[in-house]
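>
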Amino acid sequence: MIQVPLTQLQIDLMSVQAASDKAARALEDACKRLNEAHAALWSLPKERLEALLNHMGLAQVQGVFSAHQQIAVQSNTALDAWEHQGARAIIVPGKHMTYDGTFHILEVETEPEPEVVP
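In the numbering used here, each residue's number is its place in the sequence shown (first place is 1) plus 218.
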């Protein structure tokens with residue numbers, strides 16, 4: 219079998235593609251870690267979840283939820299732009315809740331977003 223040497227352009231294209239693929243895999247891994255944090259929070263029993271949220275307070279809870287949502291949306295958008303198949307970050311809260319000076323978890327759970335698997 220005769221091997222034809224690669225041109226510099228082919229080498230450069232392969233190098234850029236490999237770096238891009240590595241970045242997409244790292245971003246997908248970050249989405250998986252976000253989903254693990256999401257599951258850790260929302261899998262708490264109702265009483266413990268309410269106690270945690272009420273301990274944090276409205277401002278901190280809103281800050282954490284806002285940061286999670288922004289990171290999740292931006293990560294998913296980047297992976298979509300790369301046309302990368304694989305996991306996406308969950309964006310929505312895992313349960314419905316109300317706040318009237320105190321957080322109250324409602325018994326109706328939201329459906330998790332489907333995870334895209336390659």
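Ideal Cβ positions, reconstructed from N, Cα and C, are used throughout, including at glycine.
Over the uninterrupted alpha helix (DSSP H) stretch that includes His302, give me the two end residues.
Where His302 is concerned, there is no enclosing alpha helix (DSSP H), given that its DSSP letter is neither H nor E.
> Ignore the nearest five residues each way along the sequence and tell me which others in Asn294's own chain have a CB closer than 8 Å to its CB.
Answer for Asn294: Cys249, Arg306, Ala307, Ile309, listed in chain order.
> If you run the structure through DSSP and keep just helix, strand and coil, what is Leu224?
Leu224: coil per DSSP, three-state reduction.
> What's the gap between the Cα of Asn253 and the Cα of Gln226?
Taking the straight line from one Cα to the other gives about 41 Å.
> Check whether the Cβ atoms of Ile323 and Glu268 lie closer than 9 Å to each other.
Yes.
> Would you tell me roughly how many angstroms separate the C-alpha atoms of Met315 and Phe321, rounded to the nearest one?
Cα to Cα, Met315 sits roughly 7 Å from Phe321.
> With a floor of 4 residues, list each alpha helix (DSSP H) that falls wholly inside the stretch 252 to 330, ordered by position along the chain.
Those alpha helix (DSSP H) runs which fall completely within the stretch 252 to 330 and span 4+ residues are 264 to 274, 276 to 299.
> How is Met219 classed by DSSP in three states: helix, strand or coil?
Coil at Met219, not helix or strand.
> Figure out for me which residue from Glu325, Met219, Val291, Gly319 has the closest Cα to the Cα of Glu246.
For the residues Glu325, Met219, Val291, Gly319, the minimum Cα distance to Glu246 belongs to Val291.
> Assuming Tyr317 contacts Leu276 under a Cβ cut-off of 8 Å, what Cβ separation, rounded to an integer in Å, is found between them?
Yes, they are in contact, since the Cβ atoms of Tyr317 and Leu276 sit about 6 Å apart, within 8 Å.
> Report the option in Ala257, Asp298, Arg266 whose CA atom is closest to the CA atom of His339.
In the structure as shown, the chain begins at 219 and stops at 336. Residue 339 is therefore absent and cannot be evaluated.
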